[in-house]
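Sequence order for the protein chains is A and B. Here our numbering = 1-based position in the first sequence + 36. Here our numbering = 1-based position in the second sequence + 553. Cβ atoms here follow ideal geometry from the backbone N, Cα and C, with glycine treated the same way. As the structure is a prediction and not an experimental result, all values here were calculated from the model. Heads up: the structure comes next, in structure tokens.
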Amino acid sequence: MSNSTVFFKNKPRISSTFTIAGPKEGASSFGKHFHQLMADDRFGEDTFEKAECKMFSTCIEKTIESSGKKTSDINAMISGDLLNQIISASFAARDFEFPYIGIYNACSTFSEALALSAVLVDGGYMKNVVAVTGSHFATAERQYRYPLELGSTRPPQSQWTVTGAGGALISDKGNFPVIVSATFGKVVDYGITDANNMGAAMAPAACDTLVKLLKETKTTPKDYDLILSGDLGALGSRLLKKLMSDKGFDIKNHTDCGEMIYNIEEEEYQGGSGAGCSAVVFGSYIYKKLLKKEIKRMILMATGALLSSISTQQGESIPGICHAVVIES
Amino acid sequence: MTKYKDANFNQDYINYVKKIAPKTNEARSLWHAFLVGGFICVIGQFIRYFLLYAFGLYGDELAGATSMILIFLGCLLTGFGVYDNIGHIAGGGSIVPITGFANSVCSPAMEFKSEGFVYGLAAKMFVVAGPIIVYGISASVLTGLIYFIIGLFTA
Chain A
37 MSNSTVFFKN KPRISSTFTI AGPKEGASSF GKHFHQLMAD DRFGEDTFEK AECKMFSTCI
97 EKTIESSGKK TSDINAMISG DLLNQIISAS FAARDFEFPY IGIYNACSTF SEALALSAVL
157 VDGGYMKNVV AVTGSHFATA ERQYRYPLEL GSTRPPQSQW TVTGAGGALI SDKGNFPVIV
217 SATFGKVVDY GITDANNMGA AMAPAACDTL VKLLKETKTT PKDYDLILSG DLGALGSRLL
277 KKLMSDKGFD IKNHTDCGEM IYNIEEEEYQ GGSGAGCSAV VFGSYIYKKL LKKEIKRMIL
337 MATGALLSSI STQQGESIPG ICHAVVIES
Chain B
554 MTKYKDANFN QDYINYVKKI APKTNEARSL WHAFLVGGFI CVIGQFIRYF LLYAFGLYGD
614 ELAGATSMIL IFLGCLLTGF GVYDNIGHIA GGGSIVPITG FANSVCSPAM EFKSEGFVYG
674 LAAKMFVVAG PIIVYGISAS VLTGLIYFII GLFTA
């Protein structure tokens, strides 16, 4: 069995973060933690796609700005989103002079971007890399589901795509939370075909990556203050706990970004999802906790459902993926 | 390399997910659908009587005018962003009446206007209602054919 975990020797660190979220996310009890809130879903643009793109460019700009660095100090950005051909990230990259590395792993793109940035910085190839991911409810709905104004109902196992973008700057110097290792996940598919139940599709992948991480870093769940998954939602989290306990691990200290972000009053049901979900929750509340050293050691493991609207219509099952990084304050 | 499906699908897991996944509260959904759907039909009946007694319309003209007014109301409420909220509560109750059909044509037209009037609005307008039209017409043709054949033998 090959090793999936990469250990970093030169302490790549997260020197700043910035998060931007939509009005619905801002109105929830978690909303006060975000750095910036959009007044409306269009963000002053004429289409939702342009709004998502603007979210990205604002996020990149402010992430760099809040670290006190200049754009000329940045070596590259690693970024991705949920739209076809990752247009939001790519179009936002037009505004910047540094190289752009576009990636896609659905909602696990954020931890993937952090891991890859850490690899580049740790290897000494680059000094500052920006990792940015995001998603937008309106653009995701029209790509994956129905028009916004259609009077359809959402099934109770569904989740709500987060409108928001989060960025993190990975640097080689400074006294900041350190990424100590990254575990790259493999694609796992247990045969779930319900595109509304992405938590169930992703939980086996999360379990696979977490077990590998614990084995290869020779740690137990108790060694971490927090095991934070990306957007499994309430149902997916419950399934992950069950899968882990079947393998002999008790993960009491696990929580999920998707479960935290909404008050669950409307039709969010199982919680938030999307590439922006883990990015905005980690970049705001969790990062502050790391800075204050209230969290000393944590796992961030964002999960992704690698489906497309075409694969769903053809009746294909949903492959899941999960990448994890271990962060120490 | 084994073919993925054979090697890795986990039927126990799929069954477990089915067991613990939250179910739609069907009694409540049906009750809401009955209330809202019924109310829309009452409005339709009211419009029908109004046209009958105030304007003296009858037959096909009366049915057509009633439908037109209901379709207009469905589109208007969609445009105001109200119809989807009704739909969240009513479910099938606001999808089945003709106002729901209007909503299913109107909402993609609004949504895809950003891709232009030809390839966006016009091309995507029937993305939801298209299947209803195709299979609705097919079913009516089939029914007509069956009636015709039965008629040949009974006449």
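Boundaries (first-last residue) of the alpha helix (DSSP H) holding residue i
i, result
"A:Glu364", "No alpha helix (DSSP H) contains A:Glu364, which is instead part of the beta strand (DSSP E) from Gly356 to Glu364."
"B:Met678", "That residue, B:Met678, is in no alpha helix (DSSP H); it is neither H nor E in DSSP."
"A:Arg274", "Gly269 to Asp282"
"A:Ser144", "Segment: none, A:Ser144 is in no alpha helix (DSSP H) and carries neither H nor E."
"B:Thr631", "Gly612 to Gly632"
"A:Ala242", "Met234 to Glu252"
"A:Ser314", "Ala311 to Val317"
"B:Val570", "Gln564 to Ile573"
"B:Pro661", "Ile651 to Glu664"
"B:Ala643", "Tyr636 to Ala643"
Segment limits, beta strand (DSSP E) that includes residue i
i, result
"A:Arg49", "Arg49 to Ala57"
"A:Asp292", "His290 to Asp292"
"A:Tyr136", "Tyr136 to Gly138"
"A:Thr41", "Thr41 to Phe43"
"A:Ala341", "Arg333 to Ala341"
"A:Ile263", "Leu262 to Ser265"
Cβ separation of residue i and residue j, assumed to be a contact under 8 Å, to the nearest whole Å
i, j, result
"A:Ser115", "A:Thr169", "6 Å"
"A:Cys313", "A:Val198", "4 Å"
"A:Ser320", "A:Phe70", "5 Å"
"A:Ala242", "A:Leu271", "13 Å between Cβ atoms; not a contact."
"A:Gly310", "A:Ser171", "3 Å"
"B:Asn561", "A:Asp225", "6 Å"
"A:Ile96", "A:Val166", "6 Å"
"B:Ser647", "B:Gly590", "7 Å"
"A:Pro240", "A:Gly356", "6 Å"
"A:Asp244", "A:Gly269", "Not quite, the Cβ-Cβ distance comes to about 18 Å (not below 8 Å), so this is no contact."
"A:Thr219", "A:Glu252", "7 Å"
"A:Met296", "A:Ile287", "The Cβ separation is near 16 Å, so there is no contact."
"A:Gly308", "A:Asn141", "That pair is no contact at about 17 Å."
"A:Thr41", "A:Leu205", "Rounded, the Cβ-Cβ distance is 23 Å, inconsistent with contact."
Rounded separation between residue i and residue j - CA only
i, j, result
"A:Ile50", "A:Ile215", "7 Å"
"A:Ile110", "A:Phe54", "16 Å"
"A:Thr348", "B:Thr577", "21 Å"
"A:Arg181", "B:Ala607", "44 Å"
"A:Tyr305", "A:Phe66", "16 Å"
"B:Leu674", "A:Met162", "46 Å"
"A:Ala87", "B:Glu664", "15 Å"
"B:Ile686", "A:Thr291", "46 Å"
"B:Ser657", "B:Arg601", "23 Å"
"A:Asp230", "B:Gly704", "45 Å"
"A:Ala128", "B:Ile690", "46 Å"
"A:Lys427", "A:Asp76", "The structure shown does not extend to residue 427 of chain A, since chain A is modelled only from 37 through 365, so no value can be given for it."
"A:Glu81", "B:Ser693", "46 Å"
"B:Ile573", "A:Gln121", "35 Å"
"B:Trp584", "A:Lys60", "29 Å"
"A:Thr145", "A:Gly160", "23 Å"
"A:Val362", "A:Ile331", "12 Å"
"A:Ser353", "A:Gly227", "5 Å"
"A:Glu101", "B:Ile639", "44 Å"
"A:Val157", "A:Gln350", "41 Å"
"A:Met37", "A:Asp259", "At A:Met37, the pLDDT of 48 sits below 50, so the modelled position is not reliable; the number obtained from the coordinates is stated separately. Answer to the nearest angstrom: the Cα atoms are 24 Å apart."
"B:Gly632", "A:Trp196", "23 Å"
"A:Leu326", "A:Ala315", "15 Å"
"A:Ser273", "A:Asn299", "17 Å"
"A:Ser188", "B:Asp637", "7 Å"
Residue of the options minimising C-alpha distance to residue i
i, options, result
"A:Met234", "A:Ser217, A:Gln193 and A:Thr291", "A:Gln193"
"A:Phe285", "A:Ser309, A:Lys248, A:Met113 and A:Lys328", "A:Lys248"
"B:Leu630", "B:Ala655, B:Leu674 and B:Phe670", "B:Ala655"
"A:Asn46", "A:Met74, A:Val166 and A:Pro213", "A:Pro213"
"A:Phe84", "A:Gln121, A:Phe173 and A:Asp117", "A:Phe173"
"A:Leu342", "A:Leu118, A:Ser124, A:Pro48 and A:Ala112", "A:Leu118"
"B:Pro712", "A:Arg190, A:Ser124 and A:Ala154", "Because chain B in this structure spans residues 554 to 708, residue 712 of chain B falls outside the shown range and cannot be described."
"A:Gly200", "A:Met74, A:Phe43, A:Val157 and A:Met113", "A:Met74"
"B:Lys571", "A:His359, A:Tyr298, A:Glu364 and A:Asn232", "A:Asn232"
"B:Gly651", "B:Gln598, B:Ala662 and B:Ser582", "Note that residue 651 of chain B is Ile in the sequence shown here, rather than Gly. Of B:Gln598, B:Ala662 and B:Ser582, the residue nearest in Cα terms is B:Gln598."
"A:Gly202", "A:Tyr323, A:Asn211, A:Arg333 and A:Phe44", "A:Tyr323"
"A:His359", "A:Tyr298, A:Ser344, A:Ser273 and A:Leu150", "A:Leu150"
"B:Ser660", "B:Gly644, B:Val649, B:Gly669 and B:Lys677", "B:Lys677"
"A:Ser345", "A:Glu295, A:Arg178, A:Ile335 and A:Ala218", "A:Arg178"
"A:Arg78", "A:Gly138, A:Lys98, A:Thr175 and A:Phe44", "A:Thr175"
"A:Asn39", "A:Met238, A:Gly308, A:Ser217 and A:Glu295", "A:Ser217"
CB contact check: residue i to chain E, cutoff 8 Å
i, result
"A:Pro59", "No chain E is part of this structure, whose protein chains are labelled A and B."
* To do: With a floor of 3 residues, list each beta strand (DSSP E) that falls wholly inside the stretch 580-609 of chain B, ordered by position along the chain.
  => none
* Whole alpha helix (DSSP H) runs in the stretch 156-217 of chain A with 4 or more residues, listed along the chain? -> 173-180
* Jot down the residue ranges of each uninterrupted beta strand (DSSP E) in the stretch 47-133 of chain A, minimum 3 residues, whole runs only, in chain order. => 49-57 and 112-116
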